[in-house]
Every structure is written in structure tokens, then in C-alpha cells.
Amino acid sequence: MNHQDLPNFLGTKETLSSQTRRLVDANSMTLQFPTLSEAQKRDLHETALRIVSPGKGILAADESVGSMAKRLAQVGVENTEENRRQFRQILFSADDRINSCIGGVIFFHETLYQHSDNGVSFVKMIRDRGVMIGVKVDKGVVPLPGTCGETTTQGLDGLSERCAQYKKDGAVFAKWRCVLKISESNPSKLAITENANVMARYSSICQQHGIVPVIEPEILPDGDHDLKRCQYVTEKVLAAVYKAMSDHHVYLEGTLLKPNMVTAGHSCPTKYSPEEVAMATVTAMRRTVPPAVAGIAFLSGGQSEEEASVHLNAINNCPLPKPWILTFSFGRALQASALRAWRGHHENQKAATEQFIKRAEVNSLACQGKYNAGDNHGDAGQRVYGSCYAY
Amino acid sequence: MRCQSVTPSHDAIALAPPAYLALCPLRHLLAATMTHQYPALTPEQKKELQEIAQRIVAPGKGILAADESTGSMAKRLSPIGVENTEENRRRYRQLLFTADQRIDSCIGGVIFFHETLYQKTDDGVPFAKLIKDRGIVVGIKVDKGVVPLAGTNGETTTQGLDGLSERCAQYKKDGADFAKWRCVLKISETTPSELAIFENANVLARYASICQQNGIVPIVEPEILPDGDHDLKRCQYVSEKVLAAVYKALSDHHVYLEGTLLKPNMVTPGHSCPTKFSNQEIAMATVTALRRTVPPAVTGVTFLSGGQSEEEASVNLNAINTCPLLKPWALTFSYGRALQASALNAWKGELNNEKAATEEFIKRAEANGLAALGKYVSSGSGSAASQSLYVANHAY
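Those protein sequence lines, which keep their order, are chains A and B.
Everything in the first sequence is counted per our numbering, starting at 1 for the first residue and increasing by one.
Everything in the second sequence is counted per our numbering, starting at 1001 for the first residue and increasing by one.
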């Protein structure tokens, strides 16, 4: 990029000589070198808003080949490329009812180049209905030596070229997942800073190519820690993430956050209501996520389909002010029933698609705070959120 | 948009004591971990802090910064020919604090200098009591001024941490519920440096942490001076970097954000910048910078006026509040000169001028109260209000 040519914020151009003069002052941290033009920023921001427009969320259909093996094994289906294609087809051939519920679909690389039975590319099928195309770009977790089983995520090599290619092939957003664990010794300072840093590098590269980065610092629900511990860890992790984003000059209005909800660990003996989960989650977000971030699309982690929807609904009804969109980016929580209904049988395809549409519609209501889950949690009107000072 | 204090219809749900708080003898050996929570504040302490903060920045209200040090008061009093004695300083603050009930709806808090906290009216009423009794929150400047950072290009940090805990405890007994601490950064070819940003953010976080332990709401003031010829964009960029560092430090120091206020500079071009920018451009740059760095949990943002004239400061605050971007915190004023300049000019040390001087102050307080609601209509008022109050390389 030629610094000479980029207009700055107010449309005036900076001369090359003043640029040179400023480059000499190595000590200063606060000289601004153009990252994105106004047009690039506008594109990124508008794309982000379209993905999370009111009532919409993300279908995370980007399970790697290895992850698909686990999903398909559970329903007795062989993990072949054809079977993976068939299952994604079940999701992507859902009718227009999903147009108002799904703002974006995250693809795995393989799927981005697959076609329907009729030879229509999946990308075209999705894009033609106004749904944004995303692609998972990380290359999985790798160990951090000297830690207690912690990891960082690889995938930065050649990422710039890959993003350029994905953009040509129809993608407008990307996803990168980092993983942190809660235990007596984790997450460590290294794990927090290293993962925050690699997510900021990924984001920076994506934005250079007009790709909105979805930033996913997943804190696993494994363990017996309580709600408060998860909230505390989440706040520390997200504070580090946004400091790294600032350090790497990432344009926040053109990003989305995909965090875990704040929940107790799976083995925690105490049970918490959806309102408690919501209060802890929204409080953590309020303390760390700048309002400039276009939207927050929660991952479902190990939650069941219903649990995830009920929690998302409670989050959207939490009485604290929430200056970002709060929606879903669900994988299993959108697909589990569809998978079970399908079981690999051709004659089950329509029924399976129906199951997916049902969850999409439920989550569309939940991300607007309009989902009535029925008897499980008492009257829709009486939600006890409790005192915000306990969080 | 503010955090509504949620008063539950049932008993507040207290979370069961977390299992991990049960004493684990080996935990202290796990030096690598960063993420065990040792609660800094009880729920009651948090509630008190947040409620104080909310009261200070209640809709239509802002802060009178009347905490000029003795040295700064010298600079205020000499241009109007008044000798800088303790009595004159007392008389001057008295004419501000005895303003009538019109200021009760526009002033949420007053920042005192130490000396002033223990002064009294002519009738023997302590200033702190006078202010507090009218429902205005009493604040106190607690820093001890800037000191140089060796090895930098004229940059500083701020001292005052020594014995701060004991001082806060005493101030709380003496009626103060909030405090203020000012750090200073400068924009130039070589500044602010990484060290200056990091060190000032860290000292602000230490100060904030200590205050909260003593029931005092910390106002966090990372002032970036308007000295220089840099443009609006440069100031915005620097502001974003500084504020990102501030909030990272506050997180690292376990500061309860809902019980804090931020006192930043507005984003403006440098004083010698040849380009002029409109109030709307200033507002947009300011709100954008805040949206990118200030978590919604922060109860309010109370801008400093820097070198702006009284009118400029009000018009800019108004533009900020009418900026179309979503702004989840209160956006109001914490003005010193921009509330007092006309009052000082009207007073000139004369007893006969006191009423008129107080009127000038009330006028600016009301103007800024409206500006904090986005309802201020500038009347293109008199010369005193429009005169720029910029003083080169200001330090008070």
C-alpha cells in the first residue's frame, strides 16, 4: 500500500516527506500509519452489521474433517466427503424461513468448494439468499511448552494470500478459534497473552483483505469451577484480547466477538438459573467489550440446543444496558436434532432440514429476547436477575 | 443509558461460596496462574461505589473542578489583580459554593483541594458540609503533582501513592466520597512514549484500587495536553492508545469499573494546528475514541475542558451528546476554568462583585447542565465566555 495515496480520516493527503520525517522517530508509539481506507472500514463495518442484523445469527457449519468424524459417528454415519456434503446440503437447502434467522454461515475449507446434488455451489446457494459467507481459517491448536496442557492456535503462515483467495471465492468473514482452560493453574498469563496476540494478528490480516474477523477466545466449560470463577477468567481474557486488538491497530467496528457464555464448569455441583448465567455474562461483556464492536455472537460450547437458546434469551432480557448486538454463532446447538433425524438416510433429509429450521427460528427469537421456553422456568414475565453487585 | 440499580423483589440471590475459596495449601505455589479471584470488594462496597458514581453524573449534572492547587490559584488570581492568600482563596471558593439552588440540578459533584476541604464560610459552616447538605457529592484531589520520567523527552508520571490509603480513609471521614488524580501526556514527534503510557496507566490503576478500598470513587484522569500542531486525527489515535492502556491496567489491578468515572480530554486538534475543525467533527472523533476503548460498565465520562473557552467547552459537550453514535455512558463535564473564568473576571477580589460573580458561575453551570443533555443552544454570548483559556504547557 502506498502511504502517499491513502486519504486520511478527513480526506486530506499526507505528503511523503512528512511521512519520512515521522518514520525516523522510532521512540514514539503513537504515530499513526494508515491501516485501512475509509471505504475499507465502511465495507467491513457494513458486512459485520449484516451478519448480526436484528433477529439473525450465525450457523457455524465449519466442523473440520476430524470434528465431523465425531458428529457422524454418533449417528452411525461413515465420515466420507460425500456424507459431509450431504449433511451440509441438508442445512443449506433449508427454505426461506431461515433468511430472517441466519445472517452468516461459517464454512470449512472443503465445504466452500462443494456443490448441491443439482450442481449448484454451496456458496452460491447461501449467498443468493442474502446470507453472508464465512470461512474457518485457523489450523488448529498446538501446545505451549512449559504450561499445564495449554495451547495456542496456528494458521498465520500465508494467511494473507489465503484470505485474498477466499475473498475471491465468496467469503466476506472468517473465524479463528483459540482455546483456554480453567483449572487450578490455568489459564496462565502466557496462554492469555499469546492467544490474544495471535487473534489480533489474524484479525489484522483479515481486515487488509476486506474480511471481517470473528474473534473466538473460547474458555472451555470443562471443570468444577463455579459461575464466578468463569466470569473472572472471562473478564481477564477479554481485557487481554481487546488490548491486543488495540496494539495491532484492529478496526473494532469491523469485527465480531464469539465468546463463551459465562457458565459454571460442567462438574460444578451448584446449578445456576439462566438469569444468573445472563447476569454474569452481560456483566463480563460490559466490563471488557468496547461499544465499537459490531456484535457479540456466543458459541454454544457443550450446551444442549434448548439450553443454548434459553441462555441467549435470558442474556437478551438482562436488565443491564447492552450496547452491542447479542446473538448466536452455534454449531451443535443448531444441528444436533437435524443430525439425529438424518442418521444418514436419504428419506430423512426433509425431516432433518425441518429440525434445523426449527432451531434457527427459536434462536432468532432468543436473540431478540422473545423466546418463551415454556414451563421450565416459570412465567415468562417473572425473571429473577438478582443484584448486579454480586457479580 | 445507565445501569439501572436492580432492586430485586425477592431476596438478592447470593452466590454460594465458590468451592475454590476453600483453602488449598498448594495454590500459593502456583505462581504461573493469573486467574484466581481474590475478591477486592464486597457486594455492599460495590453497591456504594456505583451509587456514588451514578449520583455524580445523574442526568443533567456534572462536576465543578474547584481543586486548583495553591500554585495554580496564583495563576488564576494574578491576572485579576488579587493576592494569592489563603483568605482570598477561601473567599473565592465561597462565592462558588454559596450559589443558590439553581446549581443543585446541574452540579453533581465538587472537587476540592485539600486546603479548601477544611475551610469554612463567613458564618463558620464547613465548605464540605455546605456542599454535602445540598445533595452534591464532595470530591478531593489526592495526587501530589507530576514528576519527570528520566530518559524520556520531557514526559512525566504522577506521584501521591505513599500513604494514600490512610489519606483516603481520613478524607472519607471528613465527607469526601470521590477523588481525582491527574496524569499528563503530551503529543509531539516523539511522545507519548510507550513508557509514559504504561507508567501513567499503571499509577492511575493503583490510585483507583486504593480509593475503592476506602469507599471512595476514583475519577481517572489521563489528560493528553492540547499543546502542539497535530491534527484531530492524531489526537484521536493517541487518545485511543492511551485509553486502551488505562483500561487494561484497571483490569489488571482488579478495579471495579462500575464504581469509577473517567475524566479524559475531548479529542481536539493541537492548539497550533492550522486546520480548524467543527464541533461535530470534534464530537465524532471524541465519541469514536471512547467507543473503541471505554467499556460500557464505566458509569460516566466527565470531560476536562483543557484550554477551551467556557463557550467552546459547552458547545463541544453539547455536540458530543447529540452525536448519533450509540453512547452507553453518561457524557458530562468536569470543568475548572470553563466554569469559573467569567466568575473570576467579574469578582476581581471585590466584595461588591461577589453576587455578580456567583451569577456568572451559575450561568455556566446551567449551560453545561443543558449541554450534558444535548439541549444547549449557544447564544453567541459575551467576550469573556469566548476567550480562549489556553495556556502553553499548562500544569496545575
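Ideal placement from N, C-alpha and C gives every residue a C-beta, glycine not left out.
- Closest in alpha carbon position to D1162 of chain B, among B:I1210, B:Y1247, B:F1127, is B:I1210.
- Against chain B, a Cβ distance below 8 Å from R84 of chain A picks out nothing, because the smallest value is about 37 Å.
- Annotation: L1095 of chain B to E1359 of chain B spans about 9 Å, alpha carbon to alpha carbon.
- The DSSP assignment places complete alpha helix (DSSP H) segments of no fewer than 4 residues inside the stretch 172-239 of chain A at 189-208, in order along the chain.
- For P259 of chain A, there are no neighbours in chain B by C-beta distance under 9 Å, as the nearest C-beta there is about 14 Å away.
- For the stretch 1102-1140 of chain B, the full-length alpha helix (DSSP H) segments reaching 4 residues or more read 1114-1117, 1127-1133 along the chain.
- Excluding five sequence positions before and after M279 of chain A, the CB atoms of its chain that fall closer than 7 Å to its own CB belong to C318, Y385, G386, C388, Y391, given in chain order.
- E1068 of chain B is not a Cβ neighbour of F1112 of chain B, given a cutoff of 8 Å.
- Per DSSP, Y1335 of chain B is one residue of the beta strand (DSSP E) stretching across 1330-1335.
- Within chain A, the residues whose beta carbon sits less than 7 Å from that of P1328 of chain B are P291, P321, P323, listed in sequence order.
- The shortest CA-to-CA distance from G130 of chain A to any of A:A264, A:G170, A:D226, A:F330 is the one to A:G170.
- Only exposed fits S267 of chain A, as fewer than 16 other CB atoms lie within 10 angstroms of its CB.
- No Cβ-Cβ contact shorter than 8 Å links P1059 of chain B with L1344 of chain B.
- Counting C-beta atoms within 10 angstroms of its own C-beta, R343 of chain A has fewer than 16 neighbours from the protein chains shown and is therefore classed as exposed.
- Taking 7 Å as the upper bound on Cβ-Cβ separation, chain A lies near residues S1251, L1257 of the stretch 1251-1263 of chain B.
- The beta-carbon distance between V135 of chain A and A174 of chain A, rounded to whole angstroms, is 6 Å. This is short enough to meet the 8 Å contact definition.
- Counting the other CB atoms within 10 Å of its CB gives F33 of chain A a total below 16, which places it among the exposed residues.
- For the stretch 1067-1092 of chain B, the continuous alpha helix (DSSP H) assignments of 4+ residues that do not extend past its boundaries occur at 1070-1077, in sequence order.
- Contact between V105 of chain A and A61 of chain A holds, since their C-beta atoms are separated by about 6 Å, short of 8 Å.
- With 16 or more neighbouring CB atoms inside 10 Å of its own CB, K1186 of chain B falls in the buried class.
- Residues of the stretch 1232-1253 of chain B with a C-beta less than 9 Å from any C-beta of chain A: L1232, K1233, R1234, Q1236, Y1237, V1238, E1240, K1241, V1242, L1243, A1244, A1245, Y1247, K1248, L1250, S1251, D1252, listed in chain order.
- Here the alpha carbons of T288 of chain A and D247 of chain A stand approximately 16 Å from one another.
- Contacts with chain B (Cβ-Cβ distance below 8 Å) from the stretch 172-205 of chain A involve I182, E184, S185, N186, P187, S188, K189, L190, I192, listed in chain order.
- Contiguous beta strand (DSSP E) elements confined to the stretch 58-117 of chain A occur at 102-107, taking only those with 3 or more residues.
- Residue nearest to T152 of chain A within the set A:R177, A:Y113, A:I325 is A:R177 (criterion: CA-CA distance).
- Taking 8 Å as the CB threshold, S53 of chain A stays off the interface with chain B.
- In this structure, C1235 of chain B lies away from A1283 of chain B, with their beta-carbon atoms at least 8 Å apart.
- Close CB contacts of K139 of chain A within its chain, under the 7 Å cut and outside five residues either way in sequence, are with Q154, G155 (chain order).
- With contacts defined by Cβ atoms closer than 8 Å, T1260 of chain B and T1299 of chain B form a contacting pair.
- Counted as a single uninterrupted DSSP element, the stretch harbouring L1195 of chain B is not any beta strand (DSSP E) but the alpha helix (DSSP H) occupying residues 1194-1213.
- Interface with chain A (8 Å Cβ-Cβ cutoff): V1267 of chain B is excluded.
- With a contact defined as Cβ atoms closer than 8 Å, V250 of chain A and Q207 of chain A qualify at about 7 Å.
- Taking C-beta atoms as the reference points, G1062 of chain B and S1251 of chain B fail to come closer than 8 Å.
- Of the candidates B:F1097, B:E1166, B:L1164, B:G1151, B:F1097 places its Cα closest to the Cα of R1134 of chain B.
- Looking from the CA of D117 of chain A, the closest CA among A:F92, A:S304, A:H45, A:D224 belongs to A:F92.
- Under the 8 Å criterion on CB atoms, E218 of chain A is classed as non-interfacial with respect to chain B.
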